[in-house]
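Residue numbers (my numbering), protein chains in the order written: chain A, 1 to 110; chain B, 111 to 224.
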Amino acid sequence: SQQGEEDPQALSIQEGENATMNCSYKTSINNLQWYRQNSGRGLVHLILIRSNEREKHSGRLRVTLDTSKKSSSLLITASRAADTASYFCATDGNDYKLSFGAGTTVTVRA
Amino acid sequence: DSGVTQTPKHLITATGQRVTLRCSPRSGDLSVYWYQQSLDQGLQFLIQYYNGEERAKGNILERFSAQQFPDLHSELNLSSLELGDSALYFCASSVSWGPNQPQHFGDGTRLSIL
Numbered sequence: 001s002q003q004g005e006e007d008p009q010a011l012s013i014q015e016g017e018n019a020t021m022n023c024s025y026k027t028s029i030n031n032l033q034w035y036r037q038n039s040g041r042g043l044v045h046l047i048l049i050r051s052n053e054r055e056k057h058s059g060r061l062r063v064t065l066d067t068s069k070k071s072s073s074l075l076i077t078a079s080r081a082a083d084t085a086s087y088f089c090a091t092d093g094n095d096y097k098l099s100f101g102a103g104t105t106v107t108v109r110a
Numbered sequence: 111d112s113g114v115t116q117t118p119k120h121l122i123t124a125t126g127q128r129v130t131l132r133c134s135p136r137s138g139d140l141s142v143y144w145y146q147q148s149l150d151q152g153l154q155f156l157i158q159y160y161n162g163e164e165r166a167k168g169n170i171l172e173r174f175s176a177q178q179f180p181d182l183h184s185e186l187n188l189s190s191l192e193l194g195d196s197a198l199y200f201c202a203s204s205v206s207w208g209p210n211q212p213q214h215f216g217d218g219t220r221l222s223i224l
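As structure tokens, this is what we get:
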């Protein structure tokens, strides 16, 4: 079963715009990770945020975590065509197994 | 390039058959994970090995088995294949087994059952 649920399912934006996607989960976590998957490829790790962190940045990526609401958001700033991909959040519970959401498909139009 | 190698890239076989998927982890990584990705189920964790021993089990069917060898490569064996086993199978690796471990994914093996 999937613990994380991303929203929206799909997102289409113009190059240069920001893209925001959200992830909600059900049970308490140790960490939350975001991954990117380009069509036909494996997942690429983007960022890991620990349960005691509220915000983390990596390049054009900004991740927030609100454990009280059991939710996280991923913001991609100044999007590029190369950002076109599916984005997944993954949570780990006490058993340390990663549980992935269904993903948000982002299309960046030139 | 993640450094994780999966072979073969594509596999086409028939129902009832048995196949073996192979994974070489990133150099230095001791943990190997197997995932199944399908349109209806999404990305499902199957099993994890750490330094040759089974560490965690997920939604892995009894018809499926895996092992990690002394050189740390891993194999996923799928037997008595059914149409519903058609999916992308990913291997991932990480340095260790615990939390705080980013996983590095291979490009997967696409299994098609006819």
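Quick reminder that beta carbons are idealized off the backbone N, C-alpha and C, glycines included.
Residue range 85 to 92 is occupied by the beta strand (DSSP E) that includes phenylalanine 88 (chain A).
Of all alpha-carbon atoms in B:Ser222, B:Thr117 and B:Ile122, the one lying nearest the alpha-carbon of serine 134 (chain B) is that of B:Thr117. The residues Leu131, Trp144 and Ala176, in chain order, have a CB closer than 6 Å to that of leucine 186 (chain B) in the same chain once the five nearest residues on each side in sequence are set aside. The Cβ atoms of glycine 152 (chain B) and alanine 102 (chain A) lie closer than 8 Å to each other. With respect to the C-alpha of threonine 219 (chain B), the residue from B:Ser190, B:Ser206 and B:Cys201 having the closest C-alpha is B:Cys201. Within the same chain, Cβ atoms closer than 6 Å to the Cβ of isoleucine 49 (chain A) are found at Leu32, Lys56, Val63 and Leu65, the five residues on either side in sequence being excluded. Listed along the chain, the chain A residues whose CB falls inside 8 Å of the CB of histidine 214 (chain B) are His45.
Per DSSP, the beta bridge partners of threonine 117 (chain B) are B:Arg132. Annotation for tryptophan 207 (chain B): no beta strand (DSSP E) segment contains it, and DSSP assigns it neither H nor E. Among the residues facing chain B, alanine 102 (chain A) is included, as its CB has a counterpart in that chain under 8 Å away.
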